[in-house]
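Enquirer: Taken in order, these protein sequences are the chains called X and H.
Okay, so the first sequence: first residue is 148 according to the numbering used here, each after it adds one.
Okay, so the second sequence: first residue is 148 according to the numbering used here, each after it adds one.
For every residue, glycine included, the Cβ atom is placed at its ideal position computed from N, Cα and C.
There are 2 protein chains.
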Amino acid sequence: MNIQNYMQQIGNKAREASFAMMRVDTAAKNRALLAVRDQLIQQKAAIFAANQQDMQNGRDKQLSEALLDRLELNDSRFNDMCEGLEQIASLADPIGVITDLAYRPSGIQVGKMRVPLGVVGIIYESRPNVTIDAAALCIKSGNATILRGGSEAFFSNQAIAACLIAGLREVGLPDTAVQVLETTDRSAVDELISHPEFVDVIVPRGGRGLIERISNNARVPVIKHLDGNCHTYIDDTADEQKAIAVTLNAKTHRYGTCNTTETLLVAKSRGDLLVKLAQQLGEKGVELRGCDASRALVSSMKPASENDWHEEFLAPILAVKLVSGLDEAIRHINTYSSGHTEAIITENYTHARRFLAEVDSSSVMVNASTRFADGFEYGLGAEIGISTDKFHARGPVGLEGLTSQKWIVLGDGTIRQ
Amino acid sequence: MNIQNYMQQIGNKAREASFAMMRVDTAAKNRALLAVRDQLIQQKAAIFAANQQDMQNGRDKQLSEALLDRLELNDSRFNDMCEGLEQIASLADPIGVITDLAYRPSGIQVGKMRVPLGVVGIIYESRPNVTIDAAALCIKSGNATILRGGSEAFFSNQAIAACLIAGLREVGLPDTAVQVLETTDRSAVDELISHPEFVDVIVPRGGRGLIERISNNARVPVIKHLDGNCHTYIDDTADEQKAIAVTLNAKTHRYGTCNTTETLLVAKSRGDLLVKLAQQLGEKGVELRGCDASRALVSSMKPASENDWHEEFLAPILAVKLVSGLDEAIRHINTYSSGHTEAIITENYTHARRFLAEVDSSSVMVNASTRFADGFEYGLGAEIGISTDKFHARGPVGLEGLTSQKWIVLGDGTIRQ
Numbered sequence: 148m149n150i151q152n153y154m155q156q157i158g159n160k161a162r163e164a165s166f167a168m169m170r171v172d173t174a175a176k177n178r179a180l181l182a183v184r185d186q187l188i189q190q191k192a193a194i195f196a197a198n199q200q201d202m203q204n205g206r207d208k209q210l211s212e213a214l215l216d217r218l219e220l221n222d223s224r225f226n227d228m229c230e231g232l233e234q235i236a237s238l239a240d241p242i243g244v245i246t247d248l249a250y251r252p253s254g255i256q257v258g259k260m261r262v263p264l265g266v267v268g269i270i271y272e273s274r275p276n277v278t279i280d281a282a283a284l285c286i287k288s289g290n291a292t293i294l295r296g297g298s299e300a301f302f303s304n305q306a307i308a309a310c311l312i313a314g315l316r317e318v319g320l321p322d323t324a325v326q327v328l329e330t331t332d333r334s335a336v337d338e339l340i341s342h343p344e345f346v347d348v349i350v351p352r353g354g355r356g357l358i359e360r361i362s363n364n365a366r367v368p369v370i371k372h373l374d375g376n377c378h379t380y381i382d383d384t385a386d387e388q389k390a391i392a393v394t395l396n397a398k399t400h401r402y403g404t405c406n407t408t409e410t411l412l413v414a415k416s417r418g419d420l421l422v423k424l425a426q427q428l429g430e431k432g433v434e435l436r437g438c439d440a441s442r443a444l445v446s447s448m449k450p451a452s453e454n455d456w457h458e459e460f461l462a463p464i465l466a467v468k469l470v471s472g473l474d475e476a477i478r479h480i481n482t483y484s485s486g487h488t489e490a491i492i493t494e495n496y497t498h499a500r501r502f503l504a505e506v507d508s509s510s511v512m513v514n515a516s517t518r519f520a521d522g523f524e525y526g527l528g529a530e531i532g533i534s535t536d537k538f539h540a541r542g543p544v545g546l547e548g549l550t551s552q553k554w555i556v557l558g559d560g561t562i563r564q
Numbered sequence: 148m149n150i151q152n153y154m155q156q157i158g159n160k161a162r163e164a165s166f167a168m169m170r171v172d173t174a175a176k177n178r179a180l181l182a183v184r185d186q187l188i189q190q191k192a193a194i195f196a197a198n199q200q201d202m203q204n205g206r207d208k209q210l211s212e213a214l215l216d217r218l219e220l221n222d223s224r225f226n227d228m229c230e231g232l233e234q235i236a237s238l239a240d241p242i243g244v245i246t247d248l249a250y251r252p253s254g255i256q257v258g259k260m261r262v263p264l265g266v267v268g269i270i271y272e273s274r275p276n277v278t279i280d281a282a283a284l285c286i287k288s289g290n291a292t293i294l295r296g297g298s299e300a301f302f303s304n305q306a307i308a309a310c311l312i313a314g315l316r317e318v319g320l321p322d323t324a325v326q327v328l329e330t331t332d333r334s335a336v337d338e339l340i341s342h343p344e345f346v347d348v349i350v351p352r353g354g355r356g357l358i359e360r361i362s363n364n365a366r367v368p369v370i371k372h373l374d375g376n377c378h379t380y381i382d383d384t385a386d387e388q389k390a391i392a393v394t395l396n397a398k399t400h401r402y403g404t405c406n407t408t409e410t411l412l413v414a415k416s417r418g419d420l421l422v423k424l425a426q427q428l429g430e431k432g433v434e435l436r437g438c439d440a441s442r443a444l445v446s447s448m449k450p451a452s453e454n455d456w457h458e459e460f461l462a463p464i465l466a467v468k469l470v471s472g473l474d475e476a477i478r479h480i481n482t483y484s485s486g487h488t489e490a491i492i493t494e495n496y497t498h499a500r501r502f503l504a505e506v507d508s509s510s511v512m513v514n515a516s517t518r519f520a521d522g523f524e525y526g527l528g529a530e531i532g533i534s535t536d537k538f539h540a541r542g543p544v545g546l547e548g549l550t551s552q553k554w555i556v557l558g559d560g561t562i563r564q
């Protein structure tokens, strides 16, 4: 069968399953998630054997150590998958929630009901645990899903897919509600992102290259972010202790995450704080790249290029700029930021209020580390990704981000005059 | 200047204005709307003269009567524009509303703040009053807007644009917050829909051809609906009086609107009701096109083709189908509907509940006329359009539909462990 026909069949089954999933009640969805967990536990040996096969193939193909690390399943990662399923089962069901139901002068009652999106396509790279996380979020949010994992994790994903199918069947849900593609042909991705008639949204998870390619070519909406160029701004009135603790955490807690601070802005009246921070960041091995005014205060700083203000370093490198105050900080952020997450450190009420209102990013923080921008930390329970788009979901995307709303109207034979 | 450069300049000014509009407080936005109303009243003679020029040009070009009717401004339409401005000024400001602000175990407070989308591009056809409605909604929702009206309304739109600019200036808001394009070059539309860097969303208002062309070519999100193929389903337990009143209203209140019912589904146990309705619809001059079972009951009915189930007639024509009951009704709707608006007429609690949950359209109604699907009727105060997409805005789109949300996090020097 050629890839177009294969994807057409997958798509039709997913669309059909989405109508069934729309009607499944909360208890049945939770039973399915726990049945999948039980299947994982029962088939643990087979999953690990499949993963070893992928690892061996990966070594044969001389994949990088970083890629092999992401690919490998161990006991800790396996337990995380099982716990993830339990956690998502324990979350409130977003589907069917009705808000703002109110009477109108005509006599009708109007409100909004939360409903699934339909079919969610997920395209990801080497980590096989994404297969479970993504499938679990889609099941709980009443969506059907089509999963396309990386070719290097092919056998791991097929072994995990068997657990998903068995778990769904066990509780009487359609086993086509989650379909893991059985092909590594790259043109399957082109098909997946081109058919609004059977895919309602695509979630690409992976490097910038993957996401950019998908965004540029997709004919269906994409939940995504390209960069996490996050900023922390130390305001005139920042508390010294808070400024140092938050900045160090925002930059050094983890270097490779999208919510790590990449540029530090400091009000020019707080050069004292910059000097102290530069020393502590230096002790942690962070390379500073500063504007001229910063370098006049900290001579060891390298000069920052225009490019550094745009950069997501994902490394122990921090761009540093002295700014005249709040206005320049906001303007710098709204010019250079990727719209992910920004924080102000301040004791000034009006500055905090203005920063929250005027910074145009998906998360905006006061006196807190940018590292908090995360679905778990926000209480979403789980996260399918982070969106920097303003449409629909924005910021960490959990169960609710996989849903839409429809309007409901209740009348009593009411007609329009 | 070529069109690319012209649109680049327009776009840059709009983006710049959007940052200013984001910060404007409610009172200033309301003052601007009322200043525009005052300008309209002051410049009424000039606006009517410009409109007469468009009408003369239209007659010279032999535009259809329907088009000339939409183009013409009269006292009633002029007063509607003025009242629309007052009404939007009186609505609550959606911007800055914070919801779901709650503490997390880490100590941070997390919530969502409603924010403008940025720059809204609006592409519409002959009706000059859209210029005011759309601009007013964008001003109130804190967005900058670029308006591209039909070439046949060019002089009317320029005269109205002068009022918008004067009104914005009068209260100290940037006069680039609303830009009415000063070109009728069609390639300006191609530019408008291709630059995510200066347009955040496009709202096309007009016929299916316009909307389809824009949706297929846009590189920015589009708030739209293509068809309004709405259904009314008369359930087994429908109350006779309600069923007749609602069905007649849904079909005959106005024939040319997108929320008019185009297909009537009747449970086969209620042939009695179909016979009565067929007579009353016939008296109103509505042509019925039925399935075989319907035609066995009402011999005057023409046969329905497969195409009729898909059709938005926008005319006194109604497709009619007898169905076995709720399940077949829902399946028919989810197969043939354009996802706009559907209604069930029933006295059965469980059927009402299932219809609301399982029908996958942007508005779903119980015992009410599909004609209620409208921003004013839903209490949105005003409407920029109706969206059948599941992403972001769905159904009638008012002020809130022109906004997004960002997450806000409040800490006290809180760092992530």
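Which complete alpha helix (DSSP H) runs does the stretch 216 to 275 of chain H hold, if anything under 4 residues is left out?
Expert: DSSP runs (the alpha helix (DSSP H)) wholly in the stretch 216 to 275 of chain H: 222 to 237.
Enquirer: When the distance is taken between beta carbons, is residue 170 of chain X closer than 8 Å to residue 505 of chain H?
Expert: Here residue 505 of chain H refers to the residue found at position 358 when the second sequence is read from its first residue. Here residue 170 of chain X refers to the residue found at position 23 when the first sequence is read from its first residue. In this structure, residue 170 of chain X lies closer than 8 Å to residue 505 of chain H by Cβ.
Enquirer: Determine whether the beta carbon atoms of residue 217 of chain H and residue 400 of chain H lie at a separation below 8 Å.
Expert: Taking the first residue of the second sequence as position 1, residue 217 of chain H is located at position 70. Taking the first residue of the second sequence as position 1, residue 400 of chain H is located at position 253. Their beta carbons are not under 8 Å apart, which means residue 217 of chain H does not touch residue 400 of chain H by this criterion.
Enquirer: Can you pull out the residues from the stretch 400 to 413 of chain H whose beta carbon lies closer than 7 Å to at least one beta carbon of chain X?
Expert: Against chain X - using a Cβ distance shorter than 7 Å - the residues of the stretch 400 to 413 of chain H are 400.
Enquirer: Under three-state DSSP, which class holds residue 512 of chain X?
Expert: Taking the first sequence and counting its residues from 1, one reaches residue 512 of chain X at position 365. Strand, per DSSP.
Enquirer: From residue 210 of chain H to residue 461 of chain H, what distance separates their C-alpha atoms?
Expert: Working through the second sequence from its first residue, we reach residue 210 of chain H at position 63. Working through the second sequence from its first residue, we reach residue 461 of chain H at position 314. For residue 210 of chain H and residue 461 of chain H, the distance between alpha carbons rounds to 21 Å.
Enquirer: Please classify residue 250 of chain H: is it buried, with 16 or more other beta-carbons within 10 angstroms of its beta-carbon, or exposed?
Expert: Within the second sequence, residue 250 of chain H is the residue found at index 103, counting from 1. Classification for residue 250 of chain H: exposed.
Enquirer: Using the beta-carbon of each residue, which ones in chain X are nearer than 8 Å to residue 396 of chain H?
Expert: In the second sequence, residue 396 of chain H corresponds to position 249, counting from 1. Within 8 Å Cβ-Cβ: 562 and 563.
Enquirer: I'd like the list of long-range same chain contacts for residue 501 of chain X, defined as Cβ closer than 7 Å, with 5 residues on each side in sequence excluded.
Expert: Taking the first sequence and counting its residues from 1, the one referred to as residue 501 of chain X is at position 354. Once the five neighbours on either side are set aside, the close Cβ partners of residue 501 of chain X are 473.
Enquirer: Would you list the one or two residues that DSSP bridges to residue 408 of chain X?
Expert: For this step, residue 408 of chain X is matched to residue 261 along the first sequence. Beta-bridge pairing links residue 408 of chain X to X:377.
Enquirer: By alpha-carbon positions, which one of H:344, H:238 and H:297 ends up nearest to residue 178 of chain H?
Expert: Your numbering for residue 178 of chain H matches position 31 in the second sequence. For the residues H:344, H:238 and H:297, the minimum Cα distance to residue 178 of chain H belongs to H:238.
Enquirer: When the cut-off is 8 Å and only beta carbons count, does residue 507 of chain H lie next to chain X?
Expert: Position 360 of the second sequence, counted from the first residue, corresponds to residue 507 of chain H. Taking Cβ atoms only, chain X reaches closer than 8 Å to residue 507 of chain H, which makes this a yes.
Enquirer: Would you call residue 436 of chain X buried or exposed, if buried means 16 or more other Cβ atoms sit within 10 Å of its Cβ?
Expert: As a working mapping, residue 436 of chain X is identified with position 289 in the first sequence. That one is buried.
Enquirer: Drop a sphere of 10 angstroms on the beta-carbon of residue 536 of chain H, count the other beta-carbons inside from all chains shown, and report buried for 16 or more, exposed for fewer.
Expert: Numbered from 1 along the second sequence, position 389 holds the residue referred to as residue 536 of chain H. It is buried - the Cβ of residue 536 of chain H has at least 16 other Cβ atoms within 10 Å.
Enquirer: Whole angstroms are fine: how far does the CA of residue 491 of chain H sit from the CA of residue 381 of chain H?
Expert: Stepping through the second sequence from its first residue, residue 381 of chain H is reached at position 234. Stepping through the second sequence from its first residue, residue 491 of chain H is reached at position 344. Near 6 Å, if we compare the C-alpha coordinates of residue 491 of chain H and residue 381 of chain H.
Enquirer: Report the residue from X:390, X:406 and X:475 whose alpha carbon sits nearest the alpha carbon of residue 487 of chain X.
Expert: To locate residue 487 of chain X, count along the first sequence from 1; it is residue 340. Nearest option by C-alpha distance: X:406.
Enquirer: Quick check on this structure: which residue in H:316, H:557, H:243 and H:151 has the alpha carbon closest to the alpha carbon of residue 263 of chain H?
Expert: Taking the second sequence and counting its residues from 1, the one referred to as residue 263 of chain H is at position 116. Measuring from the Cα of residue 263 of chain H, the nearest candidate turns out to be H:243.
Enquirer: Measuring alpha carbon to alpha carbon, tell me which of X:236, X:203, X:161 and X:232 ends up nearest residue 173 of chain X.
Expert: Here the question's residue 173 of chain X lines up with position 26 in the first sequence. Ranking X:236, X:203, X:161 and X:232 by Cα distance to residue 173 of chain X puts X:236 first.
Enquirer: State the CB to CB distance for the pair residue 161 of chain H and residue 266 of chain H, rounded to an integer number of angstroms; the pair is presumed to be in contact (CB under 8 Å).
Expert: To locate residue 161 of chain H, count along the second sequence from 1; it is residue 14. To locate residue 266 of chain H, count along the second sequence from 1; it is residue 119. 5 Å between Cβ atoms; contact.
Enquirer: Quick one, which of H:432, H:378 and H:434 has its alpha-carbon nearest residue 456 of chain H's?
Expert: Working through the second sequence from its first residue, we reach residue 456 of chain H at position 309. Among H:432, H:378 and H:434, the Cα nearest to that of residue 456 of chain H is on H:378.
Enquirer: Give me the DSSP bridge partner(s) of residue 295 of chain X.
Expert: By one-based count along the first sequence, residue 295 of chain X stands at place 148. DSSP lists X:270 as partners of residue 295 of chain X.
Enquirer: What are the start and end residues of the alpha helix (DSSP H) that includes residue 455 of chain X?
Expert: Counting from one through the first sequence, the residue named residue 455 of chain X turns up at place 308. Start and end: 453 to 457.
Enquirer: Indicate whether the contact test is met: 3 or more Cβ pairs, each with one atom in the stretch 392 to 399 of chain X and one in the stretch 442 to 454 of chain X, closer than 8 Å.
Expert: With a cut-off of 8 Å, the stretch 442 to 454 of chain X and the stretch 392 to 399 of chain X do not count as touching, because too few Cβ pairs lie within range.
Enquirer: How about residue 220 of chain H and residue 275 of chain H: do their beta carbons lie closer than 8 Å?
Expert: Here residue 220 of chain H corresponds to residue number 73 of the second sequence, with the count starting at 1. Here residue 275 of chain H corresponds to residue number 128 of the second sequence, with the count starting at 1. The answer is yes: Cβ separation under 8 Å.
Enquirer: Between which two residues does the alpha helix (DSSP H) containing residue 307 of chain X stretch?
Expert: The sequence position of residue 307 of chain X within the first sequence is 160, counting from 1. It spans 301 to 317 - the alpha helix (DSSP H) in which residue 307 of chain X sits, taken as one unbroken run.
Enquirer: Taking residue 454 of chain H as the reference, which of H:410, H:152 and H:541 has the closest Cα?
Expert: Here residue 454 of chain H corresponds to residue number 307 of the second sequence, with the count starting at 1. When only C-alpha atoms are compared, the closest one is H:410.
Enquirer: Could you spell out the range, first to last residue, of the beta strand (DSSP E) harbouring residue 559 of chain X?
Expert: Position 412 of the first sequence, counted from the first residue, corresponds to residue 559 of chain X. Element bounds for residue 559 of chain X: 550 to 561.
Enquirer: Taking 8 Å as the CB-CB limit, is residue 471 of chain X close to chain H?
Expert: To locate residue 471 of chain X, count along the first sequence from 1; it is residue 324. For residue 471 of chain X, the answer is no, since every Cβ of chain H falls outside 8 Å of its Cβ.
Enquirer: Less than 8 Å between the beta carbons of residue 100 of chain H and residue 315 of chain H, yes or no?
Expert: Residue 100 of chain H lies beyond the stretch modelled for chain H, which goes from 148 to 564, so this question has no answer here.
Enquirer: In whole angstroms, give me the CA-to-CA distance for residue 343 of chain H and residue 187 of chain X.
Expert: Taking the second sequence and counting its residues from 1, the one referred to as residue 343 of chain H is at position 196. Taking the first sequence and counting its residues from 1, the one referred to as residue 187 of chain X is at position 40. Whole-angstrom Cα-Cα distance: 44 Å.
Enquirer: Please report how far the alpha carbon of residue 416 of chain H lies from the alpha carbon of residue 398 of chain H, in whole angstroms.
Expert: For this step, residue 416 of chain H is matched to residue 269 along the second sequence. For this step, residue 398 of chain H is matched to residue 251 along the second sequence. Spanning the two alpha carbons is a distance of roughly 22 Å.
Enquirer: Roughly how many whole angstroms lie between the Cα atoms of residue 287 of chain X and residue 294 of chain H?
Expert: Numbered from 1 along the first sequence, position 140 holds the residue referred to as residue 287 of chain X. Numbered from 1 along the second sequence, position 147 holds the residue referred to as residue 294 of chain H. So the alpha carbons of these two residues sit roughly 42 Å apart.
Enquirer: Mapping DSSP to helix, strand and coil, what is residue 490 of chain H?
Expert: Working through the second sequence from its first residue, we reach residue 490 of chain H at position 343. Three-state result, residue 490 of chain H: strand.
Enquirer: Just by C-beta distance, which residues in the stretch 510 to 525 of chain X are closer than 7 Å to chain H?
Expert: Answer in chain order: 510, 511, 512, 513, 514, 515, 516, 518, 519, 524 and 525.
Enquirer: Just mark residue 331 of chain X as buried or exposed, buried being the case when its beta carbon has 16 or more other beta carbons within 10 Å.
Expert: If you number the first sequence from 1, residue 331 of chain X lands on position 184. The residue in question, residue 331 of chain X, is exposed, as its Cβ has fewer than 16 Cβ neighbours within 10 Å.
Enquirer: Helix, strand or coil for residue 336 of chain X? Go by DSSP, reduced to three states.
Expert: One-based indexing of the first sequence puts residue 336 of chain X at position 189. Note: residue 336 of chain X maps to helix in three-state DSSP.
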